[in-house]
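So the sequence lines, in the order shown, correspond to chains D and F.
The numbering used here applies: residue 62 is where the first sequence begins, and numbers increase by one.
The numbering used here applies: residue 62 is where the second sequence begins, and numbers increase by one.
Backbone N, C-alpha and C define an ideal beta-carbon position, used for all residues, glycine too.
Comments concern the structure below.
2 protein chains.
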Amino acid sequence: MKNCTKTRLALETATIKDIAKALNLSTSTVSRALRGSYEINPETKRIVLECAEKLNYRPNPIALSLKENRSRAIGVVVPEIDNPFFSQAINGIEAIAYNRGYHVVIFQSHESYDREVVNIQHLASRRVDGVLISLSGQTTHVEHLKELHTKGMPIVFFDRFSDEINTHKVVADNYQGAFEGTEHLINSGKKHIAHLAASPTLSITRERISGYKAALEKHGIPYNEDFVKYCNFSIEDMENVIDELLSQPILPEAIFTVSDRLAMACLKILKKRNIRIPEDMALMGFSNLKVAELLSPSFTSVIQPALEMGQRAAELLLDLVEKKSKSPAYQTVTLPTELVIRDSTKTASK
Amino acid sequence: MKNCTKTRLALETATIKDIAKALNLSTSTVSRALRGSYEINPETKRIVLECAEKLNYRPNPIALSLKENRSRAIGVVVPEIDNPFFSQAINGIEAIAYNRGYHVVIFQSHESYDREVVNIQHLASRRVDGVLISLSGQTTHVEHLKELHTKGMPIVFFDRFSDEINTHKVVADNYQGAFEGTEHLINSGKKHIAHLAASPTLSITRERISGYKAALEKHGIPYNEDFVKYCNFSIEDMENVIDELLSQPILPEAIFTVSDRLAMACLKILKKRNIRIPEDMALMGFSNLKVAELLSPSFTSVIQPALEMGQRAAELLLDLVEKKSKSPAYQTVTLPTELVIRDSTKTASK
DNA sequence: AACGTTACCGACAACGATTGCGTAAATATT
DNA sequence: AATATTTACGCAATCGTTGTCGGTAACGTT
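This is the structure in structure tokens:
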């Protein structure tokens, strides 16, 4: 009967015990009443519900997590939040997670392998129910993930994956996107087409180069490896590589960049050098910039469905998390890209 | 001695109990050994540490959370992740949280009051240790936050705050930024300057309008309320409002937009109408777009230190979280903005 | 009247970790 | 030698919740 006024450090929330005490019931009964168990008197239920309402009772998810050995949270590891592609993907992830009752815990690898490993360790010890990850540009081996995966942690890759782990993957059709993009440049009359690639260790890089090569081959244009430049993600490195490309004996007529940041760096340097786009040099990108059409000149892009990729990946992950049956029917979802042609590749010989 | 092979649903992780069993010790001893308690035999410690290492023991943060009534996670509520300002801010938040041992749980309000309320409820029941929030454009009252706050939940506002809650706030110097921006337009020879504002309920909106008015007043330009337009955040609404502004009897010579999305929408519409920038109309924004300089024309902006705002806010929040003393010396941190002048406001009469 | 059914509810253990308290043995003190 | 102290560890409670088991009524059945 005595109302205990315990002062906790943080916010005090009513527990099932408080309700039990107030109503002179056992915690078991209260628990069952709250979950609507059939073996509780409807009248008792009513009273319990009423009291719970009055005390503003909220079940403690931490206690539940401990009991059920699940956290109802998923971890997301991306190279950089502040990158339109990833922030759009996270938007999609959050949407799905949200209405399936999960929370999203964010980690950034900053394109660093070491950070990625630490992130994974955190996620593991955090007991998230599953992991969505897009690999860092530095990542060449995935033992850290493999260990987690064999231990039973559901993992789904999106965009940047590794073949060494057999699980769901959600990717854009990088090959086709690069093929169409390159073909568009070719159809615009360009023969010397450079390809500014990201880290050579990434799956997306390889796929896009394949598409690029295939388009060249289809149109009988010889492949020139001097026209393909890789770079990691530091600003200086990007600018150096681009400078290097533009200082070659044979200047390309077109540059196909495969990331937003590369595209921006490239545009900046070209402008600085007073190279006219698209007259002197056509430019296009694998881009998720919403402002692409407002750039100067408006930017031709192969657009990836970032939001949808996030959604699909989250759905697949949560299916894995909630699936009791160990059905390893792992699939690779390939989403179509879209080529949007704008001014940066407009052919002069119109 | 018997090695129990319990098969849990998810990943099996060694617990303190497993170590105790393997070493024929009590869990208390193991626990103390792991924390390096002075009252444990150094030799015993060694053995325990060794065994923990071998079993790849990781303390269960959920169990700790339950015991200590804290989660070592902070909740972040933003209107939209996929918005450069907020993704940059989250970047800063994640950086600080990361190296202070906290995790970041993300929520989006999508500029909806209802979503924001639900988010707050989730955060509360999730038992995060603190909340960082930037209010939604629809939010006019903050009872949901006030309740949480009076219950003891540390809350720190960044960018969009409410005066009704007495706590730390981290904001950009919106007044000064708007003042300088407006003055720049005036100095460029413009007299009819429109101000495209966000939701009138937001603190940032009021502050910026104040700065705008003050600049007008300083230069003896009468305030014309037809030149100030508010809009919420739906694309249609934005375009309607802009269309409306551009269809007035007196066309402004310059538009000062106060968000990235508004600036983009505005730029788009002006281009569609073949209104030349800056000849027919100067344009500038309160922007965090990294590509602002690459837009067509390059975009004059008042830049907010988004990353730093996130960092400062996270620091203040974690200080609150970890502070034992209830010292309500709440402060409002105002970070300076920076006016970057580019082509979109270049004066023709140079 | 004796038994079996239901309906309803409580005690207890468990999830993983920490901690106050107790206590045995080993050592030190007188 | 008797006592006091230290060393090193175990027991049990705790955090909030749920599952298992069990129990007690009230009722119906023979």
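Measure from the C-beta of residue i to each C-beta in chain D and report whether the shortest distance is under 8 Å.
{"i": "residue 365/F", "result": "no"}
{"i": "residue 233/F", "result": "no"}
{"i": "residue 217/F", "result": "no"}
{"i": "residue 297/F", "result": "no"}
{"i": "residue 374/F", "result": "no"}
{"i": "residue 185/F", "result": "yes"}
{"i": "residue 402/F", "result": "no"}
{"i": "residue 257/F", "result": "no"}
{"i": "residue 67/F", "result": "Here the model assigns residue 67/F a pLDDT of 35, short of 50, so the residue's position is not dependable and the matter cannot be decided."}
{"i": "residue 119/F", "result": "yes"}
Determine, using beta carbons only, whether residue i comes closer than 8 Å to chain F.
{"i": "residue 165/D", "result": "yes"}
{"i": "residue 78/D", "result": "no"}
{"i": "residue 342/D", "result": "no"}
{"i": "residue 329/D", "result": "yes"}
{"i": "residue 81/D", "result": "no"}
{"i": "residue 160/D", "result": "no"}
{"i": "residue 96/D", "result": "no"}
{"i": "residue 320/D", "result": "no"}
{"i": "residue 188/D", "result": "yes"}
Consider the C-beta atom of residue i and the heavy atoms of the ligand SAH; say whether any pair is separated by less than 7 Å.
{"i": "residue 135/F", "result": "This structure simply doesn't include the ligand SAH, nor any ligand for that matter."}
Which one or two residues does DSSP pair with residue i in a beta bridge?
{"i": "residue 169/D", "result": "139/D"}
{"i": "residue 399/F", "result": "364/F"}
{"i": "residue 231/F", "result": "219/F and 394/F"}
{"i": "residue 191/D", "result": "135/D"}
{"i": "residue 256/D", "result": "289/D and 317/D"}
{"i": "residue 348/F", "result": "364/F"}
{"i": "residue 210/D", "result": "Partner(s): none; residue 210/D has no beta bridge."}
{"i": "residue 164/F", "result": "134/F"}
Going along chain D, which residues have a C-beta under 9 Å from residue i?
{"i": "residue 138/F", "result": "None at all; the shortest Cβ gap to chain D is about 11 Å."}
{"i": "residue 285/F", "result": "Those within 9 Å of residue 285/F in chain D number zero; the least Cβ separation is about 28 Å."}
Go ahead and label residue i buried or exposed: buried means 16 or more other beta carbons lie within 10 angstroms of its beta carbon, across all protein chains shown.
{"i": "residue 405/F", "result": "buried"}
{"i": "residue 280/F", "result": "exposed"}
{"i": "residue 361/D", "result": "buried"}
{"i": "residue 235/D", "result": "buried"}
{"i": "residue 118/D", "result": "buried"}
{"i": "residue 284/D", "result": "exposed"}
{"i": "residue 245/F", "result": "buried"}
{"i": "residue 346/F", "result": "buried"}
{"i": "residue 187/D", "result": "buried"}
{"i": "residue 391/D", "result": "exposed"}
{"i": "residue 78/F", "result": "exposed"}
{"i": "residue 313/D", "result": "buried"}
{"i": "residue 87/D", "result": "exposed"}
{"i": "residue 321/D", "result": "buried"}
{"i": "residue 301/D", "result": "exposed"}
{"i": "residue 290/D", "result": "buried"}
{"i": "residue 11/D", "result": "One cannot answer for residue 11/D here, as it falls past the ends of chain D, which runs 62 to 411."}
{"i": "residue 398/F", "result": "buried"}
{"i": "residue 160/F", "result": "exposed"}
{"i": "residue 230/D", "result": "buried"}
{"i": "residue 251/F", "result": "buried"}
Name the chain D residues that come within less than 7 Å of residue i, Cβ to Cβ?
{"i": "residue 124/F", "result": "127"}
{"i": "residue 148/F", "result": "142, 143 and 148"}
List the residues of chain D that residue i touches, going by C-beta distances under 8 Å, in chain order.
{"i": "residue 358/F", "result": "357"}
{"i": "residue 352/F", "result": "325, 350, 352 and 356"}
{"i": "residue 132/F", "result": "123"}
With residue i and residue j assumed to form a contact (beta carbons below 8 Å), what rounded beta-carbon distance in angstroms separates them?
{"i": "residue 239/D", "j": "residue 273/D", "result": "5 Å"}
{"i": "residue 363/D", "j": "residue 242/D", "result": "5 Å"}
{"i": "residue 256/D", "j": "residue 265/D", "result": "Rounded, the Cβ-Cβ distance is 13 Å, inconsistent with contact."}
{"i": "residue 149/D", "j": "residue 368/D", "result": "5 Å"}
{"i": "residue 205/D", "j": "residue 181/D", "result": "5 Å"}
{"i": "residue 172/D", "j": "residue 129/D", "result": "No, residue 172/D and residue 129/D are not in contact; Cβ-Cβ is about 35 Å, not under 8 Å."}
{"i": "residue 228/D", "j": "residue 218/D", "result": "7 Å"}
{"i": "residue 355/D", "j": "residue 127/F", "result": "Not quite, the Cβ-Cβ distance comes to about 51 Å (not below 8 Å), so this is no contact."}
{"i": "residue 133/D", "j": "residue 153/D", "result": "No, residue 133/D and residue 153/D are not in contact; Cβ-Cβ is about 19 Å, not under 8 Å."}
{"i": "residue 378/D", "j": "residue 122/D", "result": "Not confirmed; about 19 Å, so no contact."}
Using the beta-carbon of each residue, which ones in chain F are nearer than 8 Å to residue i?
{"i": "residue 151/D", "result": "142, 143 and 167"}
{"i": "residue 155/D", "result": "142, 167, 168 and 169"}
{"i": "residue 362/D", "result": "Result: empty, since nearest Cβ-Cβ is about 13 Å, beyond 8 Å."}
{"i": "residue 269/D", "result": "Here the premise fails: no neighbours, minimum Cβ distance about 22 Å."}
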